[in-house]
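**Student:** My structure is below; once you've seen it, I'll send some questions.
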Amino acid sequence: MKKAAYQAIKSLLVGMALLLLFCSAAQLAEGEEIGFNVQASLPDNQLDKEISYYDLRMQAGQKQEITLTISNTSQQEQTYEINLNQAYTNKNGFIDYERSDVKPDNSQRYQLTDIVIYDSEVTVSPKTSIDFPIQLNMPEESFDGEILGGIQVLKKTKEVEGKIVNRYGYIIGLRLTETDTPVQRKLELNEVRAEKTFGSTGIVAEIRNPTMEGIGHLKYEAAIKNSEKEIVREKTYDEEMSMAPNSVYDFAIDWEEEPLEAGEYMLHLTVSDGKGNRWDFEEPFEISEREAEKINQSLLPIASSSNAPSWPFMILGVLSAGAVFLCYLHSEKKKQRQRVLIKTANTLNSSGHVQEQEPPSQ
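Here you go:
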């Protein structure tokens, strides 16, 4: 009982510390202006002149320089970090361009790092705009489909020890095509495995898009049956999800914090897109005693004794709810402010980056 109470109080203190860190981060974010904007300078080979990201019709072996206008609207000289990131499918099941460290899939024939040449940093004087050059060197071999990426511009900030500093930036989409030849869409199911997902017990189905085409408007319907052919879990995701070309998505089926049980199972999974394509998968998998024990133990409550005092958990619950509410208010205020400052912005992610002007997926 004493041990359980000690662990409960320890959890409470950790919760309070996290809440204080959140408040510090919120105050820093509120006091910091973005102070710059970015705009694509669209060349003559832009396919659609009405959109504001790069959608370029290229030829095999073509070399071309494009420019990105970076405007420093602040009163101080600013340095910006530049990254060109290949499109990938993030853990939430959407096409993303923010990370540069995603391991490429084996089906990926062309990497942006082999196509683009650019400086990794640029410094801009106060109240000044510059045209930042990016050199494109297309592969000698022609292809059907698309190469998707994002040009990420981040304002460099001074690190402050002991404080959380948000980094602001933009991502402008880059889409390169050579033909209008349709690409036959295809999805594959690589494997099914037990795994800790989103802080809970769960099952992951690794889905692969091996084609050079982004797929949008995706819907997932999954059912897991045990050895007695009883449905133990069902999940439907109908949120207009998407997959990047030549990428892998770890489709997670939440076990809702219940312990995994060892045994043999069967996954029934249907994936459909907005163009009438449908993929049906049936895949048997097994959860071993060792796997179940390892995952379950990693998620055991810190204090499970019924004799443990309940007041620390009640206070921790109130603090957690307060942190979530403050996070919501802060997020809404930030979104409202940035909608005024940056009319073209689409998405504000949790790290403070503004993502905008991304190629749509159909």
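Taken in order, the sequence shown gives residues -28 to -1, 1 to 334; the numbers are from mature numbering (1 follows the signal peptide of the UniProt record, and there is no 0).
Where a beta carbon is used, it is the ideal one built from N, C-alpha and C, also for glycine.
(1) Excluding the 5 residues preceding and the 5 following residue 63 in the sequence, name in chain order all residues of the same chain whose CB lies nearer than 7 angstroms to its CB.
(2) With DSSP run on the structure shown, which of helix, strand or coil describes residue 345?
(3) Look at residue 154 and residue 181 and say whether their C-beta atoms are less than 8 angstroms apart.
(4) Assign residue 66 to buried or exposed, taking buried as 16 or more other Cβ atoms, counted over all protein chains shown, within 10 Å of its Cβ.
(5) Suppose contacts are defined by Cβ-Cβ distances below 8 angstroms. Is residue 175 in contact with residue 214 by that definition?
(6) Check whether the segment 198 to 206 touches the segment 47 to 55, taking contact to mean three or more Cβ pairs, one atom from each stretch, closer than 8 angstroms.
(7) Among all the DSSP beta bridges, which residues are the ones paired with residue 87?
(8) How close, in whole Å, do the beta carbons of residue 166 and residue 239 come, if the pair is a contact with beta carbons under 8 angstroms?
(9) Within the chosen definition, does the segment 72 to 85 reach the segment 231 to 248 through at least 3 CB pairs nearer than 8 angstroms?
(10) Can you tell me whether residue 117 is buried or exposed, with buried defined as 16 or more other CB within 10 angstroms of its CB?
(11) For the pair the segment 31 to 41 and the segment 107 to 115, tell me if three or more CB-CB distances fall below 8 angstroms.
(12) What span of residues does the beta strand (DSSP E) with residue 238 cover, start to end?
(13) May I have the straight-line CA-CA distance separating residue 121 from residue 210, to the nearest angstrom?
(14) If we ignore side chains and look at the alpha-carbon of each, how far apart do residue 178 and residue 160 end up?
(15) Would you mind giving the Cβ-Cβ distance between residue 271 and residue 229, rounded to the nearest angstrom? I have them listed as a contact below 8 angstroms.
(16) Considering only the beta carbon of each residue, do residue 61 and residue 244 sit closer than 8 angstroms?
(17) Using C-beta distances below 8 angstroms, list every residue in its chain close to residue -2, excluding the 5 sequence neighbours before and after it, in chain order.
(18) Are there 16 or more other CB atoms within 10 angstroms of the CB of residue 33, so buried, or fewer, so exposed?
(19) Rounding to the nearest angstrom, what Cα-Cα distance links residue 112 and residue 148 in this structure?
(20) Please list the terminal residues of the continuous beta strand (DSSP E) segment that includes residue 59.
(21) To which residues of the same chain is residue 20 closer than 8 angstroms at the C-beta, ignoring the five residues directly before and after it?
(22) Suppose contacts are defined by Cβ-Cβ distances below 8 angstroms. Is residue 123 in contact with residue 70 by that definition?
(23) Under the DSSP definition of a beta bridge, which residues are partnered with residue 101?
(24) Run through DSSP, which three-state label would residue 309 get?
(25) Going by beta-carbon coordinates alone, are residue 97 and residue 42 separated by less than 8 angstroms?
(26) Please classify residue 156 as buried or exposed, where buried requires at least 16 neighbouring CB atoms within 10 angstroms.
(27) Return the chain-ordered list of same chain residues with a C-beta closer than 6 angstroms to the C-beta of residue 251, the five sequence neighbours on each side being excluded.
(28) Measure the alpha-carbon distance for residue 264 versus residue 258 and round it to whole angstroms.
(29) How long is the line joining the alpha carbons of residue 95 and residue 13, rounded to whole angstroms?
**Tutor:** So, to answer that:
(1) Position 91 of the sequence shown, counting from 1, holds the residue named residue 63. Contacts found: 222.
(2) The chain is shown from -28 up to 334; residue 345 falls before or after that span and cannot be answered.
(3) Walking along the sequence shown from the start, residue 154 turns up at place 182. Walking along the sequence shown from the start, residue 181 turns up at place 209. Not a contact, by the Cβ cut-off of 8 angstroms.
(4) Your numbering for residue 66 matches position 94 in the sequence shown. Burial call: buried.
(5) Locating residue 175 in the sequence shown gives position 203, counting from the first residue. Locating residue 214 in the sequence shown gives position 242, counting from the first residue. Not in contact: residue 175 and residue 214 (Cβ atoms no closer than 8 angstroms).
(6) Cβ pair count under 8 angstroms is below three, so no.
(7) Indexing the sequence shown from 1 puts residue 87 at position 115. Partner(s): none; residue 87 has no beta bridge.
(8) Numbered from its first residue, the sequence shown carries residue 166 at position 194. Numbered from its first residue, the sequence shown carries residue 239 at position 267. Contact flag wrong, Cβ pair sits at about 12 angstroms.
(9) Touching, no.
(10) As a working note, residue 117 is residue 145 in the sequence shown. Counting C-beta atoms within 10 angstroms of its own C-beta, residue 117 has 16 or more neighbours from the protein chains shown and is therefore classed as buried.
(11) Segments in contact, yes.
(12) The residue labelled residue 238 in the question sits at position 266 within the sequence shown. Boundaries of the beta strand (DSSP E) harbouring residue 238: 235 to 244, taken from the DSSP string.
(13) Here residue 121 refers to the residue found at position 149 of the sequence shown. Here residue 210 refers to the residue found at position 238 of the sequence shown. Using only the alpha carbons, I get a separation of about 25 angstroms.
(14) On the sequence shown, residue 178 is found 206 positions in, with the first residue counted as 1. On the sequence shown, residue 160 is found 188 positions in, with the first residue counted as 1. As the crow flies, the alpha-carbon of residue 178 is around 8 angstroms from that of residue 160.
(15) Locating residue 271 in the sequence shown gives position 299, counting from the first residue. Locating residue 229 in the sequence shown gives position 257, counting from the first residue. By a beta-carbon distance limit of 8 angstroms, residue 271 contacts residue 229. Their separation comes to about 7 angstroms.
(16) Here the question's residue 61 lines up with position 89 in the sequence shown. Here the question's residue 244 lines up with position 272 in the sequence shown. For the 8 angstroms CB-CB criterion, residue 61 and residue 244 do not form a contact.
(17) Looking up residue -2 in the sequence shown gives position 27. Its pLDDT being 39, under 50, residue -2 is placed unreliably by the model, and the measurement read from it follows with that caveat. There are no such residues.
(18) On the sequence shown, residue 33 is found 61 positions in, with the first residue counted as 1. The residue in question, residue 33, is exposed, as its Cβ has fewer than 16 Cβ neighbours within 10 Å.
(19) For the purposes of this step, residue 112 is taken as residue 140 along the sequence shown, with counting starting at 1. For the purposes of this step, residue 148 is taken as residue 176 along the sequence shown, with counting starting at 1. Between the alpha carbons of residue 112 and residue 148 lies a gap of roughly 14 angstroms.
(20) For this step, residue 59 is matched to residue 87 along the sequence shown. Taken as a continuous stretch (DSSP letters only), residue 59 belongs to no beta strand (DSSP E), as it is neither H nor E.
(21) For this step, residue 20 is matched to residue 48 along the sequence shown. Taking C-beta separations shorter than 8 angstroms and ignoring five residues to either side along the sequence, the partners of residue 20 in its chain run 27, following chain order.
(22) Start at 1 with the first residue of the sequence shown, and residue 123 comes out as number 151. Start at 1 with the first residue of the sequence shown, and residue 70 comes out as number 98. No, these two residues do not count as a Cβ contact at 8 angstroms.
(23) Your numbering for residue 101 matches position 129 in the sequence shown. Paired residue(s): 43.
(24) Taking the sequence shown and counting its residues from 1, the one referred to as residue 309 is at position 337. Residue confidence for residue 309 is low, a pLDDT of 45 falling below 50, so the modelled location carries little weight and cannot support an answer.
(25) Looking up residue 97 in the sequence shown gives position 125. Looking up residue 42 in the sequence shown gives position 70. By the CB criterion at 8 angstroms, residue 97 and residue 42 fall outside the cutoff.
(26) Sequence index remark: in the sequence shown, residue 156 carries index 184 (1-based). Exposed, by the Cβ-count rule.
(27) Position 279 of the sequence shown, counted from the first residue, corresponds to residue 251. 159, 243, listed in sequence order.
(28) As a first step, residue 264 must be located in the sequence shown, where it is residue number 292. As a first step, residue 258 must be located in the sequence shown, where it is residue number 286. Taking the straight line joining both Cα atoms gives about 10 angstroms.
(29) Position 123 of the sequence shown, counting from 1, holds the residue named residue 95. Position 41 of the sequence shown, counting from 1, holds the residue named residue 13. Residue 95 and residue 13: Cα-Cα distance of roughly 19 angstroms.
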